[in-house]
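Structure, as structure tokens:
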Amino acid sequence: MRLDRAAALSGLTRSEAKKAIAAGRVRVDGQVVRDCAARVEPAQVRVDGLEPPGTGELYIMVNKPAGVVTATEDSRWPTVVQLLPENLRRRGLGPVGRLDRDVTGLVLLTTDGQLAHRLISPKWKAEKLYRAECAGRLGEAEVQAFAAGVALSDFTARPARLVIRAAGEEASTADVALTEGKFHQVKRMFEAVGHPLTSLERLSIGGVALDAALARGAWRPLEAAEVARLKALCDME
Ligand code: URA
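Under this note's numbering, the first residue of the sequence shown carries the number 292, and numbering increases by one thereafter.
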């Protein structure tokens, strides 16, 4: 089959497939091929490194910029799904949990509903790691408060690990690891201990780290080992 036709099987129109080929987004048996007329075996063609539709679930990481909402559609704001190329937007990907609009960093998108559900369910205890910058000097008192479980107006947060990276009179930076993710939870926990956040970035989910090579707004498929790690954590195969 011609390469442009085989690439279009990934959900692209023929002209989108031609553009993707010209842009070097299409590989045949691992090699970038830019000749639309090349004869290929469709099963060996990968657009953006992803399996063609019908061959399994999709797992993607996005480095979410501020100003983008974690949703598939929104009438006011750009969505994380709009950070993906056209063909991927049509493949039923949904975000695993949410980050607030002003929060940056790792968002996972998948078609695998069971994994998505388990990664956000407190029952499976998948750890979410955040880098937080806050007002004022953090110290041992805050580390202890997080470890004990911060009391909020409507619930007490589970014990969380707070690791201070820099503490100054005006501002501090810390990493915080949670195994739950209620609405505005990290912001509320810092607020409750008297250190309102000035910025928040998610660094990892279930031990899968935001790829340092991904610019804000960029994405990539998860590697097989990353998917396996998440599934093992959630008792899936
Ligand atoms: N905690 C927050 O406050 N906001 C997020 O987006 C994620 C965790």
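Cβ coordinates follow ideal geometry from the N, Cα and C atoms, glycine included.
Note that the coordinates shown come from a computational prediction; the quantities given were computed from them, not determined experimentally.
Answer with buried or exposed for residue i, where buried requires no fewer than 16 other C-beta atoms within 10 angstroms of its C-beta.
i	result
alanine 448	buried
histidine 408	exposed
glutamate 461	exposed
aspartate 320	exposed
proline 450	exposed
phenylalanine 481	buried
proline 386	buried
glycine 347	exposed
glycine 404	exposed
Taking the straight line between their C-alpha atoms, what separation do you get for residue i and residue j?
i	j	result
alanine 442	glycine 302	48 Å
glutamine 335	methionine 352	23 Å
proline 512	valine 434	35 Å
leucine 406	alanine 516	15 Å
leucine 494	leucine 453	14 Å
threonine 464	leucine 524	28 Å
alanine 417	threonine 470	6 Å
valine 372	leucine 400	8 Å
leucine 294	proline 333	8 Å
leucine 374	valine 359	9 Å
alanine 509	valine 484	34 Å
alanine 313	methionine 292	18 Å
arginine 381	glutamate 364	12 Å
alanine 503	arginine 305	33 Å
lysine 522	proline 413	15 Å
arginine 318	glutamate 514	16 Å
valine 499	lysine 419	9 Å
glycine 440	phenylalanine 446	10 Å
arginine 325	glutamate 307	13 Å
alanine 432	lysine 473	23 Å
tryptophan 415	methionine 527	11 Å
Anyone know if the C-beta pair for residue i and residue j falls short of 7 Å?
i	j	result
threonine 361	arginine 389	yes
leucine 488	alanine 438	no
leucine 397	leucine 501	yes
leucine 300	proline 343	yes
glycine 256	threonine 402	Lying before the first or after the last residue shown, residue 256 is absent from the chain, which here runs from 292 to 528.
valine 331	alanine 297	yes
alanine 458	arginine 428	yes
asparagine 354	leucine 505	yes
proline 356	arginine 520	no
Pull up the CB-CB distance for residue i and residue j, whole angstroms please, since I reckon it's below 8 Å.
i	j	result
glycine 497	leucine 410	6 Å
lysine 309	cysteine 327	5 Å
alanine 426	histidine 486	6 Å
valine 338	leucine 491	Not confirmed; about 33 Å, so no contact.
valine 477	tyrosine 350	The pair is not a contact, with the Cβ atoms about 24 Å apart (cut-off 8 Å).
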